[in-house]
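Q:
Protein chains: 2
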Amino acid sequence: MSRIEAPRDEQTGNLADRLLSGLPAEAVLTDPDVTASYANDMASFCPAGAPAVVVLPRTVEQVRHVMRTATELRVPVVPQGARTGLSGGANATDGCIVLSLTKMDRILEINPVDRIAVVEPGVINATLSRAVNEHGLYYPPDPSSWEMCTIGGNIGTASGGLCCVKYGVTAEYVLGLDVVLADGRLMSTGRRTAKGVAGYDLTRLFVGSEGSLGIVVGATLALRPQPPEQLVLAAEFASGAAACDAVCRIMEGGHVPSLLELMDRTTVKAVNDLAHMGLPETTEALLLAAFDTTDPAADLAALGALCEAAGATQVVPADDVAESELLLQARRLSLTALEAVKGTTMIDDVCVPRSRLGAMLEGTERIAEKYQLTIGVVAHAGDGNTHPTVCFDAADPDESRRARESFDEIMALGLELGGTITGEHGVGVLKKEWLAREIGPVGVEMQRQIKQVFDPLGILNPGKLF
Amino acid sequence: MSRIEAPRDEQTGNLADRLLSGLPAEAVLTDPDVTASYANDMASFCPAGAPAVVVLPRTVEQVRHVMRTATELRVPVVPQGARTGLSGGANATDGCIVLSLTKMDRILEINPVDRIAVVEPGVINATLSRAVNEHGLYYPPDPSSWEMCTIGGNIGTASGGLCCVKYGVTAEYVLGLDVVLADGRLMSTGRRTAKGVAGYDLTRLFVGSEGSLGIVVGATLALRPQPPEQLVLAAEFASGAAACDAVCRIMEGGHVPSLLELMDRTTVKAVNDLAHMGLPETTEALLLAAFDTTDPAADLAALGALCEAAGATQVVPADDVAESELLLQARRLSLTALEAVKGTTMIDDVCVPRSRLGAMLEGTERIAEKYQLTIGVVAHAGDGNTHPTVCFDAADPDESRRARESFDEIMALGLELGGTITGEHGVGVLKKEWLAREIGPVGVEMQRQIKQVFDPLGILNPGKLF
Chain A
205 MSRIEAPRDE QTGNLADRLL SGLPAEAVLT DPDVTASYAN DMASFCPAGA PAVVVLPRTV
265 EQVRHVMRTA TELRVPVVPQ GARTGLSGGA NATDGCIVLS LTKMDRILEI NPVDRIAVVE
325 PGVINATLSR AVNEHGLYYP PDPSSWEMCT IGGNIGTASG GLCCVKYGVT AEYVLGLDVV
385 LADGRLMSTG RRTAKGVAGY DLTRLFVGSE GSLGIVVGAT LALRPQPPEQ LVLAAEFASG
445 AAACDAVCRI MEGGHVPSLL ELMDRTTVKA VNDLAHMGLP ETTEALLLAA FDTTDPAADL
505 AALGALCEAA GATQVVPADD VAESELLLQA RRLSLTALEA VKGTTMIDDV CVPRSRLGAM
565 LEGTERIAEK YQLTIGVVAH AGDGNTHPTV CFDAADPDES RRARESFDEI MALGLELGGT
625 ITGEHGVGVL KKEWLAREIG PVGVEMQRQI KQVFDPLGIL NPGKLF
Chain B
205 MSRIEAPRDE QTGNLADRLL SGLPAEAVLT DPDVTASYAN DMASFCPAGA PAVVVLPRTV
265 EQVRHVMRTA TELRVPVVPQ GARTGLSGGA NATDGCIVLS LTKMDRILEI NPVDRIAVVE
325 PGVINATLSR AVNEHGLYYP PDPSSWEMCT IGGNIGTASG GLCCVKYGVT AEYVLGLDVV
385 LADGRLMSTG RRTAKGVAGY DLTRLFVGSE GSLGIVVGAT LALRPQPPEQ LVLAAEFASG
445 AAACDAVCRI MEGGHVPSLL ELMDRTTVKA VNDLAHMGLP ETTEALLLAA FDTTDPAADL
505 AALGALCEAA GATQVVPADD VAESELLLQA RRLSLTALEA VKGTTMIDDV CVPRSRLGAM
565 LEGTERIAEK YQLTIGVVAH AGDGNTHPTV CFDAADPDES RRARESFDEI MALGLELGGT
625 ITGEHGVGVL KKEWLAREIG PVGVEMQRQI KQVFDPLGIL NPGKLF
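Keeping their order, the protein sequence lines are chains A and B.
The first sequence begins at 205 in this note's numbering and counts up one residue at a time.
The second sequence begins at 205 in this note's numbering and counts up one residue at a time.
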């Protein structure tokens, strides 16, 4: 059966009209100049298509209307938060509906007895963090983009951050979800209670699913009591291996730091060049550790002694919170600073068992030499989660090619060391060819079948993950 | 198409022969007197069938053989750990293969730097706990049956325990699984690393799935550093409401006790009657709290002050670890003591938001009056997880009927208060009619479809959960 294809504009017009029957005019964007600005997240090397329309619903009912329409017209839907992701998971596909949840940004409840918050998906991480602080509570997940990124996006990618070594990732804080399914049905998962085992854990299935199983329109989040402010220590090492040895001694010694970060020489230099922070450029690796305990100075002293035993050339505990904040600022500037080195970066996210961190660093250095590239490494060292960051000139095709190839080799190294291709950034478009190598053919088949259960028409964020 | 049914014995004989082609003789039990002893777990009111055969494999390959055979012959398989469950989740069905994992009981690795243990499913919880202690590590999940129950069983039911208020449930400690699927294929989920978001979280899907999606044959578990020994405080209250008010003040005050348990008057009296422990029988509710911090006495003093502010009639902190242990022993005897009251108990497991704990206690008392029953309540108060325990004489049909009816009413109350029908015991056979009431028709449909993905023939622990 053949039919004449309607011209593109007419199709889009029809789609927009249908969407407008359940959404206010200002919530439906079709101007190509505007919709193009929603085409991609912050990942490099990830293709993005042109959305047919961008919708900005404000209610669950509006999201249901969007999904019913998409199902009826068989139009792909790409859900988006603040598009700060680093794997292309929020990139548009040609002719899709971009479903931006950013206008659903209300905090509906903060309950200090139950230690929960109930939020819409568009709430910005920092907004929630500050709001719960006012109740003496703490929402730990703190991705670098926390001032911009949304809770819905954090849930989609199971985001981490600097806090994870003590407090774990986003997944640990999601108790229950309201989800609009592909066909517009509404499903609630999980609970408001501290514990619960009624049926399969669909909540966790949605966390990290990158919008490929349904649209998260509400979340019940677990909170913790606000801990004391953390005190930071900096330790310099003459080699990456010595710094990693210190990490192993710290973890083996039973310490629970609230932060344990590593910056290599390349990163330290980049930060100094950008912000003139006076970090010690003669060091090969800088370790930042912190405690948010009742006596952080004593805990830092014990940790500092382990660093010295591992060969630290200098150990400098911060005197106070202000000095601590300055050290953390250096860490937080790392990616921006590395970007300034050659204009473009490709940020990897390989996580290895922390006992293999030294091997990961050494291997990354070998890869940088082989491909004649500058690769700076910042790592959530306490988690074994490295972000090898390839600095390159995107205008140089040969360097770009080498960057891409080194990236693959870094992931292969991570798997070889018993690690994962992604600790906290997700698979998205960037790593989908690598997913199968990590989880194997049986894993891929079962995952695909689960996708099929929730999205039989394949309209939810197609081309991501698999 | 009709055919003559083979006599039962011949069918069993054929099944046993097929199983014996991949299992040693001592791993295949067919004597009905023996197999009958594997028919059920520790739940009341749950029907159990007669297994055709019990298999006790020692290797992954043997489990795969069992599942291939079961798939080929379309025979249901009921996986079992130590059968200490309280929901009938391990109960046999007529003609099934009982697949006991108790012989796969090796601890394969304990790694203090990566803070993980790799185990087979039949390892007993207490065995693992003690083994990791020797490395300065801590595996928190501590169900009451911890001296008997297996890690595989804990994973199947997502078990909790006394530790959860600070350390969470089993689910929080499962990083990765090896699973034999219904057709005998082997799948690995998850990771050895601290973080990881490669694909859907199938690990968590299996945790709490009660053996209905696959057979867990290996697990990588997260460990924590061993905390200091905890110090316990007992606080007496003149009403359950006052004790629950204290719980709310403690949680709102930002405290993180390592244990926060409640025993009502009925339970206190039962424990005294059984063990002559000299607990204060004039009290209406006894709260036990503990800290495993560096200065537990100071933390207990602050918590004790909150109890007094909530109206505690007496607050008694233990002087030392030995005295603490004595108080905990009283708590651990609770269920045995309640069983002694009338010979039989029916233990519920309703979890409510902890702010509703007072309403749950009050409602349970109302239900006990209405049905003229003795219902003792022990609760993991800090989690809002109550175990209303109906004491009855199983030989009295009318009392048994009232017990059953009160049980339903308690679950209805839990749901009404925003809670869940099961905090840590699972659905099994006991609560499957209630699951739909909690998760709704869309939730049930999606869960059934997931079951269908992993178990298209419906041979994995049929009749459980749904």
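Quick reminder that beta carbons are idealized off the backbone N, C-alpha and C, glycines included.
From a predicted model like this one, the values you see are computed outputs, not experimental measurements.
(1) So, does the CB of P557/B fall closer than 8 Å to a CB anywhere in chain A?
(2) Against chain B, with Cβ distances strictly below 8 Å, would V384/A count as a contact?
(3) For P429/A, tell me which candidate among L532/A, D318/A, V327/A, G360/A has the shortest Cα-Cα distance.
(4) Below 8 Å on the Cβ atoms is my contact criterion, and I expect A254/B with A274/B to pass it. Report the Cβ-Cβ distance as a whole number of Å.
(5) Using a Cβ cut-off of 9 Å, which residues of the stretch 583-605 of chain B contact any Cβ in chain A, in chain order?
(6) For the beta strand (DSSP E) that F495/A lies in, which residues bound it at each end?
(7) Which whole-angstrom value is the C-beta distance of P283/B and I454/B, which I expect to be below 8 Å?
(8) How many Å lie between L277/A and Q266/A at the Cα?
(9) Excluding five sequence neighbours on each side, which residues of the same chain lie with their C-beta closer than 8 Å to the C-beta of T540/A?
(10) Bridge partners of L463/A, per DSSP?
(11) Compare the beta carbon distance of A442/A and E488/A with 8 Å and say whether it is the shorter of the two.
(12) Report yes if the CB atom of H629/B is closer than 8 Å to the CB atom of S349/B, and no otherwise.
(13) Whole beta strand (DSSP E) runs in the stretch 362-419 of chain B with 3 or more residues, listed along the chain?
(14) Is the beta carbon of A514/A sitting closer than 8 Å to the one on D587/A?
(15) In whole angstroms, what is the alpha-carbon distance linking K655/A and E649/A?
(16) Can you tell me the Cβ-Cβ gap for L305/B and V323/B, rounded? I've got them flagged as a contact below 8 Å.
(17) Starting from V281/B, find everything on chain A with Cβ-Cβ shorter than 7 Å and list it in chain order.
(18) Tell me the residue span of the alpha helix (DSSP H) that contains Q653/A.
(19) So is K473/A buried or exposed if we call it buried at 16+ other beta carbons inside 10 Å?
(20) Quick one: which chain A residues come within Cβ less than 7 Å of P429/B?
(21) Hey, how far is the Cα of T624/B from the Cα of G400/A?
(22) Tell me whether T590/B sits in a helix, a strand or coil according to DSSP, three-state version.
(23) Quick test of your reading: A296/B and N218/B, contact by CB under 8 Å. State the CB separation rounded to the nearest angstrom.
(24) Give the range of the beta strand (DSSP E) segment to which Q576/B is assigned.
(25) Can you list the residues of chain A that C368/B reaches, using a CB-CB cut of under 9 Å?
(26) Could you round the C-beta distance between V633/A and C250/A to whole angstroms and report it? I think they count as a contact, below 8 Å.
(27) Can you tell me the Cα-Cα spacing of G644/A and V582/A, whole angstroms?
(28) Report yes or no: is there a C-beta of chain A within less than 8 Å of the C-beta of M308/B?
(29) Mind checking if E209/A is an interface residue toward chain B, Cβ cutoff 8 Å exclusive?
(30) In angstroms, rounded to a whole number, what distance separates the CA positions of L341/A and E573/A?
(31) Give, in chain order, every residue of the stretch 312-338 of chain A whose Cβ lies closer than 8 Å to some Cβ of chain B.
(32) Would you decide whether R570/B is buried or exposed? Buried here means 16 or more other CB atoms lie within 10 Å of its CB.
(33) Report the partner residues of V519/B according to the DSSP bridge assignment.
(34) Is T540/B helix, strand or coil by DSSP?
(35) So, does the stretch 548-558 of chain B touch the stretch 591-604 of chain B, judging by three or more C-beta pairs under 8 Å?
(36) Note down, in chain order, all residues in the stretch 639-654 of chain B with a beta-carbon under 7 Å from any beta-carbon belonging to chain A.
A: This is what the structure gives:
(1) Mapped onto the second sequence, residue 557/B falls at position 353. Look at P557/B: its C-beta is under 8 Å from a C-beta on chain A.
(2) As a first step, residue 384/A must be located in the first sequence, where it is residue number 180. So, not an interface residue.
(3) Within the first sequence, numbered from 1, the residue matching residue 429/A stands at position 225. With distances taken between Cα atoms, P429/A lies closest to D318/A.
(4) Working through the second sequence from its first residue, we reach residue 254/B at position 50. Working through the second sequence from its first residue, we reach residue 274/B at position 70. About 17 Å separates the two Cβ atoms, so there is no contact after all.
(5) Hits within the stretch, in order: H584, G586, D587, G588, N589.
(6) Residue numbering aside, residue 495/A sits at position 291 when the first sequence is read from its first letter. Note, F495/A: beta strand (DSSP E), 489-495.
(7) One-based indexing of the second sequence puts residue 283/B at position 79. One-based indexing of the second sequence puts residue 454/B at position 250. Contact annotation, P283/B with I454/B: C-beta distance approximately 39 Å; criterion of less than 8 Å not satisfied.
(8) Residue numbering aside, residue 277/A sits at position 73 when the first sequence is read from its first letter. Residue numbering aside, residue 266/A sits at position 62 when the first sequence is read from its first letter. Straight across, the Cα-Cα distance linking L277/A with Q266/A is about 17 Å.
(9) Mapped onto the first sequence, residue 540/A falls at position 336. L478, listed in sequence order.
(10) Within the first sequence, the letter at position 259 stands for residue 463/A. Partner residues in the beta bridge of L463/A, as assigned by DSSP, are A494/A.
(11) Here residue 442/A corresponds to residue number 238 of the first sequence, with the count starting at 1. Here residue 488/A corresponds to residue number 284 of the first sequence, with the count starting at 1. Result yes, Cβ atoms of A442/A and E488/A sit closer than 8 Å.
(12) Along the second sequence, read from residue 1 onward, the residue named residue 629/B stands at position 425. Along the second sequence, read from residue 1 onward, the residue named residue 349/B stands at position 145. No, Cβ-Cβ distance for H629/B and S349/B is not below 8 Å.
(13) You should have 378-384, 390-394.
(14) Start at 1 with the first residue of the first sequence, and residue 514/A comes out as number 310. Start at 1 with the first residue of the first sequence, and residue 587/A comes out as number 383. No, they are not a contact pair.
(15) The sequence position of residue 655/A within the first sequence is 451, counting from 1. The sequence position of residue 649/A within the first sequence is 445, counting from 1. Computed Cα separation, rounded: 10 Å.
(16) Along the second sequence, read from residue 1 onward, the residue named residue 305/B stands at position 101. Along the second sequence, read from residue 1 onward, the residue named residue 323/B stands at position 119. That belief does not hold up - the Cβ atoms of L305/B and V323/B are roughly 11 Å apart, past 8 Å.
(17) Against the second sequence, residue 281/B aligns to sequence position 77. Neighbours of V281/B in chain A, taken as residues at a C-beta separation under 7 Å, are lacking, since the least C-beta distance is about 18 Å.
(18) Along the first sequence, read from residue 1 onward, the residue named residue 653/A stands at position 449. For Q653/A, the uninterrupted alpha helix (DSSP H) run begins and ends at 636-658, by DSSP.
(19) Stepping through the first sequence from its first residue, residue 473/A is reached at position 269. Under this definition K473/A is a buried residue.
(20) Sequence index remark: in the second sequence, residue 429/B carries index 225 (1-based). Neighbours of P429/B on chain A, chain order: G458, V460.
(21) Within the second sequence, the letter at position 420 stands for residue 624/B. Within the first sequence, the letter at position 196 stands for residue 400/A. Rounded to the nearest angstrom, the two C-alpha atoms are 6 Å apart.
(22) Here residue 590/B corresponds to residue number 386 of the second sequence, with the count starting at 1. Here T590/B sits in strand by DSSP.
(23) Taking the second sequence and counting its residues from 1, one reaches residue 296/B at position 92. Taking the second sequence and counting its residues from 1, one reaches residue 218/B at position 14. By a beta-carbon distance limit of 8 Å, A296/B does not contact N218/B. Their separation comes to about 19 Å.
(24) Numbered from its first residue, the second sequence carries residue 576/B at position 372. Counting along the chain, Q576/B falls outside any beta strand (DSSP E), and DSSP gives it neither H nor E.
(25) Taking the first residue of the second sequence as 1, we reach residue 368/B at position 164. What C368/B touches in chain A: A398, K399.
(26) For this step, residue 633/A is matched to residue 429 along the first sequence. For this step, residue 250/A is matched to residue 46 along the first sequence. That pair is a contact at about 4 Å.
(27) The residue you call residue 644/A lines up with position 440 of the first sequence. The residue you call residue 582/A lines up with position 378 of the first sequence. Taking the straight line joining both Cα atoms gives about 29 Å.
(28) Counted from its first residue, the second sequence places residue 308/B at position 104. M308/B has a beta carbon lying at 8 Å or more from every beta carbon in chain A.
(29) Counted from its first residue, the first sequence places residue 209/A at position 5. In this prediction, E209/A has a pLDDT of 47, which is less than 50 and means its spatial position is unreliable; nothing more can be read from the coordinates.
(30) For this step, residue 341/A is matched to residue 137 along the first sequence. For this step, residue 573/A is matched to residue 369 along the first sequence. Cα to Cα, L341/A sits roughly 46 Å from E573/A.
(31) From the stretch 312-338 of chain A, only N315, P316, V317, D318, R319, I320 have a Cβ closer than 8 Å to chain B.
(32) Here residue 570/B refers to the residue found at position 366 of the second sequence. Classification of R570/B: exposed, given that the 10 Å Cβ count is below 16.
(33) Within the second sequence, numbered from 1, the residue matching residue 519/B stands at position 315. Looking at the DSSP assignment, V519/B forms a beta bridge with A439/B.
(34) Residue 540/B sits at position 336 when you count from the first residue of the second sequence. If DSSP states are grouped into helix, strand and coil, T540/B belongs with the helices.
(35) Cβ pair count under 8 Å is three or more, so yes.
(36) Look at the stretch 639-654 of chain B: the residues with a C-beta under 7 Å from a C-beta of chain A are L639, E642, I643, G644, V646, G647, M650, Q651, Q653, I654.
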